[in-house]
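Protein chains in written order, with my numbering: chain A, 182 to 468; chain B, 43 to 320. The C-beta atom is built at its ideal place from N, Cα and C for all residues, glycine as well. Structure, as structure tokens:
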């Protein structure tokens, strides 16, 4: 009887270990298959010609994605300009000002923004933001500006929830010390709370960047998808994600490989951002 | 000139609160627009009939069923895998290099954007494993995508079960697995359920990963190898190709309402858990 239960324990542990390893296996598969399809073109055409090439004409042998890399970073930066201050303010309000009841209402409401699917954001962006930009500022409306506005809203939940956690983890004694010195609430926030939560807040911005740069459906609906580097905020642009999503359904041969090369570049950027963000959060937790 | 800090303080508190309410306002405006524009076109016929003429007329019944199949099957696969991983990480090991590597894997999976899941699912399931655009390829891709959420929330839920419960169970000479099954998991169920509900919400709204693996056939999928169209994909095609604004609004209303109600149920369960343990 006793022996029996020991072998059962052993069996269960083996199964659970396999389950735990499955996540690693999936990550490995994703890497291998995207790299496996994306790398041959880097070897054939040359890394330089793809990453710094200006011309994307995959059926004619040009695979330059430099404008898309620049565009991806531009929309991400634009999203951050809009989302970061707004998100941080919300996080500060939630943690420092709002009462318990207000928090119970506000926090889930702000997190529900994350539940709205990106296609819906894209659709509303096309219907409301694009015409607004077109009528008041000019251009076609499908632009860097419109995309940044919509992405800025989409990354708010990420920024708010992670900054909020960072700010909440600051010990109460820090604030009390500051109040005891006669500082006002704002002086305490500005001089004590935010600086102490700095690394967590930074991590929230970087994870927000990761979301913005990886966002696809909303972007292809609003960005206009033109194949050049935008010279003003009213110009249309095409991101790395948009390039994949727009052409994957019908691409064949080298064209398809080119989309996987785009995927490799995106994957590398995302992994770097995530590594930086997780490193930032870990340091905060250790402290 | 030095501005009185009290005035600055007052101004900043107004500034911060107005930004917070502005942000909630965005959510309310989005929901209001969708409800007002979509509600007039919702009918029994819209919900329970098939689309005709690419979706210009008729309803969205096949895409509702397609969404339910896809999400249900993904959850069915991801839950045992995710909860099993969480049990392993919390109950069966100490923090070591090995668990760190697994956690790194989970974090990385969580950060990968959905278009890359679509790219992977397309090359691996659809092409290399020759599944074609099918429900099965969509289910397997989504399973991997929602796995990190389920692992993380389950881990939190299992960790929050008081240690005393385990000690009592061991003192009654229960084995580790018996303790997990009979003591730890029952107390962690609400937390795990929250994670599952949040994953359902994410899966229902997913487009990029689904469109390249499950495809966008308008027919009702009758087997795992059939292509099909989820509500989110149907909505995307209606809106992007300008097929019908009325149907697009109506579809988005059903989509958003289902996701929001799932999320609200998740928060409700979570709040119950929090009030129970604090």
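- Around the beta carbon of residue 301/B, 16 or more other beta carbons sit within 10 angstroms, so the residue counts as buried.
- Using a Cβ-Cβ distance cut-off of 8 Å, the stretch 121-135 of chain B and the stretch 193-209 of chain A are in contact, since at least three pairs of beta carbons, one from each stretch, lie closer than that value.
- Taken in chain order, the unbroken stretches of alpha helix (DSSP H) that lie wholly in the stretch 212-273 of chain A and span 4 residues or more are 228-232, 247-273.
- Residues of chain A with a Cβ closer than 8 Å to the Cβ of residue 162/B are, in chain order, 210, 211, 214, 215.
- Chain B has no Cβ within less than 8 Å of the Cβ of residue 383/A.
- Shown here, residue 94/B sits in a strand according to DSSP, grouped into three states.
- The beta carbon of residue 277/B sits closer than 7 Å to the beta carbons of 290, 293, 294, 297 from its chain, once the five residues preceding and following it are set aside; these are given in chain order.
- A Cβ of chain A is located within less than 8 Å of the beta carbon of residue 149/B.
- Close to residue 426/A, with beta-carbon spacing below 7 Å, are these residues of chain B in chain order: 157, 250.
- Within the DSSP secondary-structure output, residue 191/A pairs in no beta bridge.
- From the listed residues 334/A, 410/A, 425/A, 275/A, the smallest Cα separation to residue 254/A is found for 410/A.
- Within chain B, no C-beta atom comes less than 9 Å from the C-beta of residue 249/A; the nearest is roughly 13 Å away.
- Separation of residue 316/A and residue 396/A (C-alpha to C-alpha, rounded to the nearest whole angstrom) is 26 Å.
- Membership of residue 292/A in the alpha helix (DSSP H) is indicated by the continuous run 281-293.
- About 20 Å separates the Cβ atoms of residue 190/B and residue 227/B, ruling out a contact at the 8 Å cut-off.
- Close partners of residue 273/A in chain B (Cβ separation under 7 Å): 58.
- Only those residues of the stretch 300-316 of chain A whose C-beta falls short of 9 Å from the nearest C-beta of chain B are listed: 300, 301, 302, 303, 304, 305, 307, 308, 309.
- The Cβ of residue 441/A sits closer than 8 Å to at least one Cβ of chain B.
- Around the CB of residue 247/B, 16 or more other CB atoms lie within 10 Å, so the residue is classed as buried.
- If you compare the alpha carbons of 164/B, 217/B, 270/B with that of residue 107/B, the shortest gap goes to 270/B.
- Around the CB of residue 339/A, 16 or more other CB atoms lie within 10 Å, so the residue is classed as buried.
- By the rule that beta-carbons nearer than 8 Å mark a contact, residue 406/A does not touch chain B.
- The beta-carbon separation of residue 264/A and residue 321/A, rounded to 24 Å, does not stay under the 8 Å limit for a contact.
- Residue 220/A is positioned such that its CB atom lies closer than 8 Å to that of residue 445/A.
- At a cut-off of 8 Å between beta-carbon atoms, residue 367/A makes contact with chain B.
- Neighbours of residue 214/B in chain A, taken as residues at a C-beta separation under 9 Å, are lacking, since the least C-beta distance is about 14 Å.
- The beta carbon of residue 377/A lies closer than 7 Å to those of 351, 355 in the same chain, with the five residues before and after it left out.
- Taking 8 Å as the upper bound on Cβ-Cβ separation, chain A lies near residues 186, 189, 190, 193 of the stretch 178-198 of chain B.
- Taking a beta-carbon distance threshold of 8 Å, residue 389/A does not count as an interface residue toward chain B.
- In the DSSP secondary-structure assignment, residue 99/B is bridged to 94/B.
- DSSP links residue 405/A through a beta bridge to 418/A.
- Cα atoms of residue 436/A and residue 244/A: separation of roughly 8 Å, rounded to the nearest angstrom.
- Secondary structure of residue 173/B (DSSP, three-state): coil.
- Within the stretch 119-207 of chain B, the complete alpha helix (DSSP H) segments at least 4 residues long are 139-153, 156-163, 177-201, listed from N- to C-terminus.
- Its Cα nearest to that of residue 308/A, the residue 403/A stands out among 455/A, 441/A, 403/A.
- Short of 6 Å from the beta carbon of residue 300/A, and not among the five residues preceding or following it, lie these beta carbons of its own chain, in chain order: 398.
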